[in-house]
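To start, the structure under review is shown below, and the notes come after it.
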Amino acid sequence: MARRSVVVVGGGVAGLAAAYELSGPGASRDATTPRVELIELGERLGGALATIEFAGRVLDVGPDGVLARRPEALALVDELELGDRLEPIAASGAWIWLRGAAREMPDGLTLGVPTDAAALRRWPGLSRRARWALARDRRWPVRLSVGDDATIGAIVRAKLGDEVARGLVEPLIGGIQAGRIDELSARSVFPALLEAARRGGSLAAALGAGGPASPGPRHGAGSGGPAFVSLTSGLGSLVGALEGALAARGVVLRRATAVTALRRTPSGPYPWEVDTASTTTPADAIVLATPAPVTAALAGRHDAALAALSRVRSAGVAVVSLSLERATTTLPPTGTGLLVPLATAWSGPDTMLVTALTFLDRKWPHLRRDDDVLVRAHVGRSDDARWRDLDDDALVTRVLDEVRHLLGRVGPVRAAHVARWPAALAQYELGHAPLVEAARTRARDLGLALAGAAYDGVGVPATIGSGRRAAREVRDHFAN
Ligand SMILES: Cc1cc2nc3c(=O)[nH]c(=O)nc-3n(C[C@H](O)[C@H](O)[C@H](O)COP(=O)(O)OP(=O)(O)OC[C@H]3O[C@@H](n4cnc5c(N)ncnc54)[C@H](O)[C@@H]3O)c2cc1C
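Here the sequence shown stands for residues 4 to 483, numbered as in my numbering.
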């Protein structure tokens, strides 16, 4: 039998993980190990996983840490023999800008949902009215009828009131997903919340008993928040390690090349052909590790369920990395960062662009130096693309003005860098789960497999998991 051919489209971490699983020990390299070709649009591999040289360090400008309680990233780190570079997050807790000041996040939050009314009894971040709504949830919980799914916003607003939704849940969950809680699906993003709402009774009590059951806060914010880990060489150094392993296994890695079409060739020796501007690669199976709308554009003509993936929107964000003189910059005394709720007043009718600040060298000790602090500012949400209208200099100036307002004392800037992620984070909106389920089923029937941040969760571990899962689907397809 001729050696099978698999093309992986997209060289983000999902595509790299799929190629790794297809070519590697999981597939027990032998005559059945397929020829694997990975085609990436960009000049470099890794997608959102990226590092730069900055202020004398290697700095992540995409993801900088992964949840330690999810196994997928750690397993890969282990397999790539990078275990000695693992670094646990060195700080805990976070701050949130509410009622005109930075407030230390209280204990007892599950993804922003307060589960410990006592911890909030005198917390100045919430008004008395909001605290009363929390007390009411304990004693006289609002009855809410939820079906298969509801938005996170609808559940939290109905049960705990607007202020908790806007001031705590939106900055935490909306921050991780760069989306709006009034659009995000509870079923896909925060299943424990949906479960608690369905059961009835107090939301806070139900969540408090169950603990966090979905992706944790980006900053490790809030007590009970999960621990994060990174690599001392930057999380982005996973990409170089994967690239090396794939090259050693004979995977063909093509950069700066867009896949332009997938054609079915049922009467030929291979069922598929994958086109780029200058080549055609025959394939027995294809892993589509591209953002959902790209996957829809490439595969949609072969099936309506795949075309429907064009409905998965993504949020663009920018990351502004700043090296600020340490002696003249004042950070909050503890914590990994400061969250800024949406629509926080700025000047006149204008609202802040910054959605969160992360104190990078507090999180990751290998980044610490005596003379500067590293602050990362996040801007952009699914419905806030104002950063796109500003060039890098203007964006840095605006962000610095906001950082000064948020932190008070900010010393001279030693270095600044802007990373733009125009289609960064897939939005899991209402109806996401059935949409994905249908697309996956149809893809499988056609000899296609779907991988990436649009399917099993937006975090790096989930994305690695989706790549490996897609590879296993391809193997199963060959076995049947
Ligand atoms: C700023 C930022 C911070 C984040 N922080 C964290 C964090 O701290 N922890 C965490 O766990 N997660 C974090 N995430 C999420 C995580 O990084 C991403 O979800 C994950 O990296 C997505 O990987 P992916 O392979 O699915 O997609 P991508 O990285 O987007 O890769 C898709 C690839 O497909 C390529 N492509 C597109 N069209 C074509 C085509 N026609 N032909 C060929 N190739 C094509 C693209 O160029 C791209 O490289 C963050 C994301 C961002 C943007």
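Where a beta carbon is used, it is the ideal one built from N, C-alpha and C, also for glycine.
Tell me whether residue i, by its Cβ, gets closer than 6 Å to a heavy atom of ligand 1.
i	result
residue 52	yes
residue 261	yes
residue 460	no
residue 278	no
residue 42	yes
residue 154	no
residue 331	no
residue 66	yes
residue 284	no
residue 116	no
residue 361	no
residue 14	yes
residue 358	no
residue 297	yes
residue 339	no
residue 468	no
residue 455	yes
residue 17	yes
residue 427	yes
residue 499	This structure leaves residue 499 out entirely; the chain is present only between 4 and 483.
residue 293	yes
residue 178	no
residue 69	yes
residue 322	yes
residue 45	yes
Pick from the options: whose alpha carbon is nearest that of residue i?
i	options	result
residue 482	85, 358, 132, 287	287
residue 146	176, 97, 119, 199	199
residue 420	65, 238, 105, 449	65
residue 163	253, 328, 187, 138	138
residue 357	351, 363, 347, 364	347
residue 304	96, 449, 211, 76	449
residue 24	337, 471, 368	471
residue 74	464, 339, 131	464
residue 188	404, 89, 156, 473	156
residue 59	411, 479, 446, 364	364
residue 90	238, 452, 426	238
residue 253	337, 153, 36	36
residue 427	124, 273, 321	321
residue 81	248, 209, 262	248
residue 268	276, 317, 373	276
residue 457	204, 351, 435	435
residue 84	234, 141, 445, 161	234
residue 299	318, 273, 263, 333	263
residue 312	444, 9, 54	444
residue 94	33, 367, 53, 330	367
residue 197	168, 413, 159, 176	159
Pull the bridge partners of residue i from the DSSP assignment, please.
i	result
residue 359	342, 381
residue 328	375
residue 424	320
residue 62	55
residue 354	348
residue 149	Answer is none; residue 149 lacks a bridge partner.
residue 12	42, 291
residue 49	15
residue 315	Answer is none; residue 315 lacks a bridge partner.
residue 233	90
residue 137	None; residue 137 has no bridge partner.
residue 70	231
residue 432	187
Could you check if residue i belongs to the surroundings of ligand 2, using beta carbon to heavy atom distance under 6 Å?
i	result
residue 424	As far as ligands go, the structure on display features ligand 1 and does not contain ligand 2.
>> Please give the ranges of any alpha helix (DSSP H) in the stretch 238 to 304, keeping only runs that are unbroken, at least 4 residues long and fully inside the region.
In response: When DSSP assignments are scanned along the stretch 238 to 304, the uninterrupted stretches of alpha helix (DSSP H) that are 4 or more residues long and fall wholly within it turn out to be 240 to 251, 295 to 302.
> Curious, which full-length beta strand (DSSP E) runs of at least 3 residues does the stretch 366 to 421 contain?
Replying inline: List check, beta strand (DSSP E) in window: 375 to 382.
>> Report the start-end ranges of each beta strand (DSSP E) in the stretch 88 to 130 that is 3 residues or longer and not cut off at the edges.
In response: Every unbroken stretch of the beta strand (DSSP E) spanning 3 or more residues and falling wholly within the stretch 88 to 130 is given here in chain order: 89 to 91, 98 to 101, 104 to 107.
>> Just to confirm the assignment: which complete alpha helix (DSSP H) runs, minimum length 4, are found wholly within the stretch 155 to 194?
In response: Counting only runs of 4 or more, we get 155 to 163, 189 to 192.
>> Could you tell me which whole beta strand (DSSP E) segments of length 3 or greater appear in the stretch 438 to 472?
In response: Counting only runs of 3 or more residues that sit fully inside the stretch 438 to 472, the beta strand (DSSP E) segments are 451 to 453, in chain order.
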